[in-house]
């Protein structure tokens, strides 16, 4: 019988006899399922956070901040500079020839987190009507749009679930008292859905300042960025930094995203170590209970190689089952689950959903198989090196 | 105790199996220890908070600025023993990765408010006298190899200078140390003169970030907080005052319910370990049915058989737990030193050890119970006859 056939025959026999060793076999399956579930869940959290930020902004839009400021919160410059920026080359214009630039203001306020009743930093973005022209992805899903000049707020969709007082008709603190929530907006699942938007002129009035926090610019196309950036850098009237909007937001997920990813990997690695010991335990006992069978097979001519491989096949099969179970568990329990956390870099809350992606599930399976491999290897080698005659005699 | 030898021998009948099971338990307790160290680190800031200290911030957000003139007004309120203030600077030293907190403070009143930060009197005098002077915590100075007399350049991301530049320079005139473990976890910051910030910055002159207030009587702290907020209600800059403890806790809580996530992960881990260990115990007892029967023939009572098996399970779990937590207690100081800049205060406390011990005992009971009951119920005749 050739090598492949031998492996096939022995493996089939092994797998068919698993019900006799159900308890120990289940230990591998459930142990590995646990590791994979935790790994996928924690990485899905990191992926959800990263995705929310990365999907914000696009390549053909630029964000202008005060020179040296890393985040919108720290940035502020005079109104005149915003006007100068609008005249730079590369800026798209609407059919009436007006520059498509949106001066915006970014401050923080506090809303109470529904989960732990804690006041949390929530961004408030002061916008002009042009901001909506620049952001076609923003749509009102409940209530109505802001009316300029009124102390009104539209709430990002993700805030509605997580923080108190964010329903249409409720009032939220912004500055100088509470402002009325008149609508809820969605924005393609990006970070703006964790913000409160208000009319910029009204906010300026309350803050008694017309300083601009940032300017969002719609470029003629993605390639116009360099032209625009150069012109703005050369302009002596302005002292600003220009970034591609997509790059700005992607960079914001770095610190927190990395933290979650590292935490998840460390925890899962330690669990995997435990699972390896469990797998070793199970496979050693699997081999030892079938000492006579293995010796018999060897005696009648099955090679050592196929025996080793068949033990590995058994271990990998159980590991695969565990990996699938763990991935399924993570997907069922966590996919789409929304949480909110503090983005270290911007010091404001970001609400996001866990994302169990196919890529993560595959990674979970790879870990499962790796654990199965390591857990099965040594026992497999022991099975192959059993001295046939003494093993046959063993009761 | 006299049966320890018997229990020990039973345990190591199948060396490989026992060693692997113990290793699984060790791993579970390493994870338990590390995650608990994380929780301890997060709660450190809370412990630092003096019971009698309050924090006054802008009503709508911590990031609002408050007039520095509020200091005298707060000082004049009944029940207030001392007032100081601090403004977050938020600059970058060399590169963003080197992050550490920087605060512009009023040196005299700030160091008085925080007696747990100890500094040589001469250095404090120097700090008070030097406009561009700054003091750093001992661990921060160690981290960058700073010596007194060094010039420390920091790039501002928020506070542009009046001339439009963003680079600020400070002269390191002192190094302070925390007087206990909790205070030492706060050593990662740089303090400099608020006067210097205010005279050289481009905007927000005459303002500060937060006020820290000491109440004369801790019991009256709540009332004092209320009085402060009432004083500034309906003004251009309304305030929100709360305990320093709540203030520190708020950051951690905003990150999320870390405790909950940790518990979920640990539950998953221990459930798995339960299976592994339970399986080992069940197998072990099944194999030794004839032996247990012989013991009973010799005169061991049913209850004693139960006790032996249970003791075996407990010993297994306690050894694993002790090894695991022991390893963590050796590892953690090293990890803590490496992480001092982002996460100070990593460590194991008494609560972790107690909880760990309790978990080990519970694990032992849970995994040993069923096999132990089986051993108790064993009938000698059936067992020796091979069909138990």
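Residue numbers (this note's numbering), protein chains in the order written: chain A, 1 to 395; chain B, 1 to 388. Even glycine gets a Cβ: it sits at the ideal position worked out from N, Cα and C.
Proximity winner among the options, relative to residue i (alpha-carbon distances)
| i | options | result |
| --- | --- | --- |
| residue 125/B | 304/B, 176/B, 288/B | 176/B |
| residue 194/A | 332/A, 110/A, 251/A, 103/A | 110/A |
| residue 127/A | 365/A, 248/A, 364/A, 200/A | 200/A |
| residue 428/A | 392/A, 238/A, 20/A | Outside the displayed range of chain A (1 to 395) lies residue 428/A, so it cannot be described from this structure. |
| residue 73/B | 64/B, 56/B, 62/B, 60/B | 56/B |
| residue 213/A | 103/A, 54/A, 41/A, 365/A | 103/A |
| residue 240/A | 57/A, 385/A, 63/A | 63/A |
| residue 431/A | 369/A, 205/A, 114/A | Examination of residue 431/A is not possible in this model, given that chain A is present from 1 through 395 alone. |
| residue 117/A | 326/B, 240/B, 370/B, 254/B | 254/B |
| residue 33/B | 349/B, 2/B, 61/B | 349/B |
| residue 132/A | 374/A, 311/A, 186/A | 186/A |
| residue 68/B | 207/B, 296/B, 194/B | 207/B |
Residue i (DSSP reduced to helix, strand or coil)
| i | result |
| --- | --- |
| residue 243/A | strand |
| residue 395/A | Only weak support exists for where residue 395/A lies, its pLDDT of 48 falling under 50; the coordinates are left without a value. |
| residue 168/B | strand |
| residue 194/B | helix |
| residue 30/A | helix |
| residue 82/A | helix |
| residue 24/B | helix |
| residue 140/B | helix |
| residue 204/B | coil |
| residue 352/A | strand |
| residue 455/A | Since the first and last residues shown for chain A are 1 and 395, residue 455/A lies out of range. |
| residue 86/B | strand |
| residue 100/A | coil |
| residue 119/A | strand |
| residue 154/A | strand |
| residue 75/B | helix |
| residue 211/B | strand |
| residue 241/B | strand |
| residue 252/A | helix |
| residue 302/B | helix |
Assigned exposure category for residue i - 16 Cβ within 10 Å defines buried
| i | result |
| --- | --- |
| residue 52/B | buried |
| residue 312/B | buried |
| residue 270/A | buried |
| residue 305/A | exposed |
| residue 179/A | buried |
| residue 105/A | buried |
| residue 72/A | buried |
| residue 3/A | exposed |
| residue 216/A | buried |
| residue 234/A | exposed |
| residue 163/A | buried |
| residue 461/B | Nothing can be reported for residue 461/B: it is not among the residues displayed for chain B, which extend from 1 to 388. |
| residue 300/A | exposed |
Check: residue i C-beta below 6 Å from any heavy atom of the ligand MG
| i | result |
| --- | --- |
| residue 100/A | Among the ligands in the structure shown, none appear at all, so the ligand MG cannot be discussed. |
Contact residues within the region 116-131 of chain A, judged by C-beta distance below 8 Å to chain B: Contacts with chain B (Cβ-Cβ distance below 8 Å) from the region 116-131 of chain A involve 116, 118, 119, 120, 121, listed in chain order.
Cβ contact (3+ pairs, closer than 8 Å) linking the region 142-151 of chain A and the region 219-233 of chain A: no
The region 36-51 of chain A in contact with the region 349-359 of chain A per 3-pair CB rule at 8 Å: yes
Inter-stretch contact (C-beta, 8 Å, three-pair minimum) for the region 160-169 of chain B and the region 166-178 of chain A: no
Contact set between the region 213-243 of chain B and chain A, restricted to residues whose Cβ is under 7 Å from the partner: none
Chain B contacts made by the region 341-370 of chain A, where a contact means CB separation under 8 Å: 341, 342, 347, 349
Proximal residues, the region 2-36 of chain B versus chain A, C-beta separation under 7 Å: Those residues of the region 2-36 of chain B that come within reach of chain A (Cβ to Cβ, closer than 7 Å) are 16, 17, 20, 21, 23, 24, 27, 28, 30, 31.
Touching by the beta-carbon criterion (3+ pairs, under 8 Å), the region 93-105 of chain B and the region 220-235 of chain B: no
Chain B contacts made by the region 13-30 of chain A, where a contact means CB separation under 8 Å: 23, 24, 26, 27, 30
Contact between the region 182-200 of chain B and the region 101-118 of chain B (3+ Cβ pairs under 8 Å): yes
Stretch-stretch touch, CB-based, cutoff 8 Å, three pairs: the region 197-216 of chain A with the region 119-136 of chain A: yes
Three or more C-beta pairs below 8 Å linking the region 243-259 of chain A and the region 35-44 of chain A: no
Any 3 or more C-beta pairs closer than 8 Å across the region 270-285 of chain B and the region 298-316 of chain B: yes
Validate contact between the region 16-30 of chain A and the region 269-289 of chain A using beta carbons, cut 8 Å, 3 pairs: yes
Chain A contacts from the region 138-168 of chain B (Cβ-Cβ distance under 8 Å): 155, 156, 157, 158, 160, 164, 166
Cβ contact (3+ pairs, closer than 8 Å) linking the region 353-361 of chain B and the region 18-33 of chain B: yes
Under 9 Å (Cβ pairs) to chain A, residues found in the region 56-71 of chain B: 59, 60, 61, 62, 63, 64
Residues in the region 325-336 of chain A having any Cβ partner in chain B nearer than 9 Å: Per Cβ criterion, the list is empty.
Meets three-Cβ-pair contact criterion under 8 Å: the region 7-17 of chain B and the region 341-349 of chain A: no
Cβ contact (3+ pairs, closer than 8 Å) linking the region 80-94 of chain A and the region 256-267 of chain A: no
Short-range partners of chain B found in the region 149-173 of chain A, where Cβ spacing is below 9 Å: 173
Contact residues within the region 86-99 of chain A, judged by C-beta distance below 9 Å to chain B: none
Members of the region 282-309 of chain B that neighbour chain A once the beta carbon cut-off is set at 9 Å: 282, 283
Near-chain B residues of the region 279-300 of chain A - C-beta to any C-beta below 7 Å: 280, 281, 284, 285
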